[in-house]
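Residue numbers (this note's numbering): 13 to 319. One structure is given below, encoded as structure tokens.
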Ligand SMILES: [Zn+2]
């Protein structure tokens, strides 16, 4: 079965440690070897600027991560191909895997649309507006002020609409989320779960899930344990609860996976790295038809690519 994973932090790990090789590093959850073995078909690679990077260096760090994407992820992996559109993905040969470049938070672009367009020209296909805190675009979910989109943030969303790119609301404040719902043509939450199932502020409330479904958006299930359950021992069945619940709200055609692998170190039992997709697929097949499972794992995200 094919797998579309809408979010990982491989580039961040490789930026932190220049010795990591994407081929088969034991320090990574997602590697070239695992993608090939398990059936990876499209993997999104996020550019994430860590909080400790000084504002004046953030754009440069984004460029460094893009350089890592091309030099250390794509170049040494002959079957991994850069993709941005549905046509690119449909043109992949059976044994080829697509790699999409995404931006996690607009902290790197300051208040500059030129910096945004530059990142898009360099290959960014999906733009998360914030990480957890405030930037020129909006407030993140942990910013106490809880502000929505700035005037500049609205320009950013309009630019994403014009360019046929996803506007990613994962990490965004509640007010920012509703501002995006008014403006964005292609909203997604690439790596967010259900707040009703697990009361973590990073998760989506029912009204938010309904709104994403109504806007023909997508929700990617996140495998980070604290977003799955507040209980101590977390397993695949906790993850299934989020998927079942989003489906029960009408999201069967709007749910996929955004694992967040390599964005955290404490993994849940049975979901230690990318290979767990094999077990996830097996457990999903006990509850859903093969066609439904292939929607969750791959087709839903593929069909929602805006261009
Ligand atoms: Zn994230």
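We treat Cβ as the ideally placed atom computed from N, Cα and C, and that holds for glycine.
Counting only the Cα atoms, residue 212 lies some 16 Å from residue 257. Taking the Cβ of residue 116 as the reference point, at least one heavy atom of ligand 1 falls within a distance shorter than 7 Å. Counted as a single uninterrupted DSSP element, the beta strand (DSSP E) harbouring residue 178 occupies residues 178–180. Within the stretch 169–217, the complete alpha helix (DSSP H) runs of at least 4 residues fall at 186–195.
In the three-state reduction of the DSSP assignment, residue 53 falls in the strand class.
Remark: the shortest separation between the CB of residue 182 and any heavy atom of ligand 1 falls under 7 Å. Secondary-structure assignment with DSSP links residue 93 through a beta bridge to 110.
The straight-line gap separating the alpha-carbon atoms of residue 34 and residue 153 is approximately 31 Å. A heavy atom of ligand 1 is found nearer than 7 Å to the CB of residue 275.
In the DSSP assignment, residue 287 falls outside any alpha helix (DSSP H) and carries neither an H nor an E. Distances from the CB of residue 203 to the heavy atoms of ligand 1 include at least one below 7 Å.
Assigned with DSSP and collapsed to three states, residue 17 falls in strand. Looking at the DSSP output, residue 269 sits in a beta bridge with 17, 233. Secondary structure of residue 59 (DSSP, three-state): strand.
Secondary structure of residue 295 (DSSP, three-state): helix. Beta-bridge analysis with DSSP links residue 116 to 60, 140. Residue 25 places its beta carbon 8 Å or farther from that of residue 250. By a beta-carbon distance limit of 8 Å, residue 183 contacts residue 214. Their separation comes to about 7 Å. Considering only 221, 114, 296, the residue with the shortest C-alpha distance to residue 248 is 296. In the structure shown, the three-state DSSP call for residue 74 is helix. Closest option to residue 168, judged by alpha-carbon separation, among 262, 132, 202: 132.
Taking the Cα positions, residue 148 is about 25 Å away from residue 270. Residue 27 and residue 63 do not touch by the CB rule: their CB atoms are close to 14 Å apart, not below 8 Å. Just measuring C-alpha positions, the residue of 23, 89, 238, 265 sitting nearest residue 204 is 238. Proximity of the stretch 108–116 to the stretch 49–56 meets the contact definition, three or more beta-carbon pairs being nearer than 8 Å. Sequence-distant partners of residue 161 (beyond 5 residues in either direction) whose C-beta falls short of 6 Å from its own C-beta, in its chain, are 150, 188, 191.
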